[in-house]
Amino acid sequence: MKKFKIGVLVGSLRKESFNLKTAKVLMEVAPQSLELELIDISNIPMFNQDLEGTPPEEWTTLREAVKAVDGLIFVTPEYNRSVPAVLKNAIDVGSRPYGKNVWTEKPGAVVSVSTGNISGFGANHHLRQSLAFVNVPTMAQPEAYIGGAADLFDEKGNLKNDSTKKFLTTFMEAFEKWVQTIVK
Numbered sequence: 001m002k003k004f005k006i007g008v009l010v011g012s013l014r015k016e017s018f019n020l021k022t023a024k025v026l027m028e029v030a031p032q033s034l035e036l037e038l039i040d041i042s043n044i045p046m047f048n049q050d051l052e053g054t055p056p057e058e059w060t061t062l063r064e065a066v067k068a069v070d071g072l073i074f075v076t077p078e079y080n081r082s083v084p085a086v087l088k089n090a091i092d093v094g095s096r097p098y099g100k101n102v103w104t105e106k107p108g109a110v111v112s113v114s115t116g117n118i119s120g121f122g123a124n125h126h127l128r129q130s131l132a133f134v135n136v137p138t139m140a141q142p143e144a145y146i147g148g149a150a151d152l153f154d155e156k157g158n159l160k161n162d163s164t165k166k167f168l169t170t171f172m173e174a175f176e177k178w179v180q181t182i183v184k
């Protein structure tokens, strides 16, 4: 069985982030052919074209981490109906310098996680716009909007909702097929 390395980027920096907890569930329920690893974006300096000549070490580390994976999963909260700056910044840094876009042609998927009922719908779709531009073929279905996140996890961070776990398992099975379709 061919194995695929999948990078997971979490758009929330909070220690007890529901997005990070959801990312960990995705890692648990992923099919055996998918090897998921977190790509830390918490310390990446803001993109500034003036720094491209001598990029910060964190930029280089991010770019190398993305180059090393076969696919990507983005797990994001919604901030003001959009994507958190830390996640958008990572996308910007990885897309530069011009002509050296590390994201290109890597199959992707988006999961938005929120405590509210709208489930991060705005962030999910804004992120898809950016991913289209950096040439990440993003899985269309099933869409993943996880609402009511504050009630999904126990005090130890374990998912306690069976229907959510079942959905995330189905999502990862679909993503496995998506990766197999895109990666040559």
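The sequence shown begins at 1 in the working numbering and counts up one residue at a time. Yeah, the Cβ is synthetic: ideal placement off N, Cα and C, and Gly gets one too.
> Where do the ends of the alpha helix (DSSP H) carrying Leu182 lie?
Replying inline: Rather than Leu, the amino acid found at residue 182 in this sequence is Ile. Element bounds for Ile182: Asp162 to Ile182.
>> Tell me the rounded alpha-carbon separation between Val86 and Asp162.
In response: Distance between the alpha carbons of Val86 and Asp162: 31 Å.
> Taking DSSP as the reference, what is the three-state secondary structure of Thr104?
Replying inline: It is coil, neither helix nor strand.
> Of the choices Lys2, Val75, Ile44 and His126, whose alpha-carbon is the least far from that of Val185?
Replying inline: This structure cannot speak to residue 185, because the chain is shown only from 1 to 184.
>> Alpha carbons only, please: which of Ala150, Asp92 and Lys15 is nearest the one belonging to Gly130?
In response: Here residue 130 is Ser; the residue named in the question, Gly, does not match the sequence. Nearest C-alpha to Ser130: Asp92.
>> By the three-class DSSP mapping on this structure, what secondary structure does Val83 have?
In response: Three-state result, Val83: coil.
>> Does Glu64 pass the burial test, meaning 16 or more other C-beta atoms within 10 Å, or should it be called exposed?
In response: Glu64 is exposed by the Cβ-count criterion.
> Tell me which same chain residues have a C-beta within less than 8 Å of the C-beta of Ala132, skipping the five on either side of it?
Replying inline: Answer for Ala132: Thr138, listed in chain order.
> Can you check whether the CB of Phe4 is closer than 7 Å to the CB of Val134?
Replying inline: Contact: no.
>> Between Gly116, Val136 and Leu127, which has its C-alpha nearest Asn101's C-alpha?
In response: Of the listed residues, the one whose Cα sits closest to Asn101 is Val136.
> What residue range is occupied by the uninterrupted beta strand (DSSP E) comprising Phe74?
Replying inline: Residues Gly71 to Thr76.
> Looking at Gly157 and Ser114, is the spacing between their C-beta atoms short of 7 Å?
Replying inline: No, they are not a contact pair.
> Using the rule of at least 16 other Cβ atoms within 10 Å of the residue's Cβ for burial, across every protein chain shown, is Glu16 buried or exposed?
Replying inline: By the 10 Å Cβ count, Glu16 comes out exposed.
> Taking C-beta to C-beta, are Val171 and Ala144 nearer than 7 Å?
Replying inline: Note on identity: in this sequence residue 171 is Phe, with Val being the wrong assignment. Taking 7 Å as the Cβ cut-off, Phe171 and Ala144 qualify as a contacting pair.
> What's the call for Val183, buried or exposed, on a 16-neighbour Cβ count within 10 Å?
Replying inline: Val183 is classed as exposed because its beta carbon has fewer than 16 other beta carbons within 10 Å across all chains shown.
> Near Thr169, what residues of its chain come up, given a Cβ to Cβ distance below 6 Å and the 5 sequence neighbours on each side ignored?
Replying inline: Within its own chain, the residues whose Cβ lies closer than 6 Å to the Cβ of Thr169, once the five positions on either side in sequence are excluded, are Val29, listed in chain order.
> Could you give the residue range of the alpha helix (DSSP H) that holds Lys21?
Replying inline: Membership of Lys21 in the alpha helix (DSSP H) is indicated by the continuous run Phe18 to Val29.
> Among the residues of its own chain, which have a CB less than 7 Å from the CB of Ser33, if the five just before and after it don't count?
Replying inline: Cβ within range, chain order: Met1, Lys2, Lys3, Phe4 and Glu176.
> Where does Phe121 sit, in a helix, a strand or coil, going by DSSP?
Replying inline: In the structure shown, Phe121 adopts helical secondary structure according to DSSP, grouped into three states.
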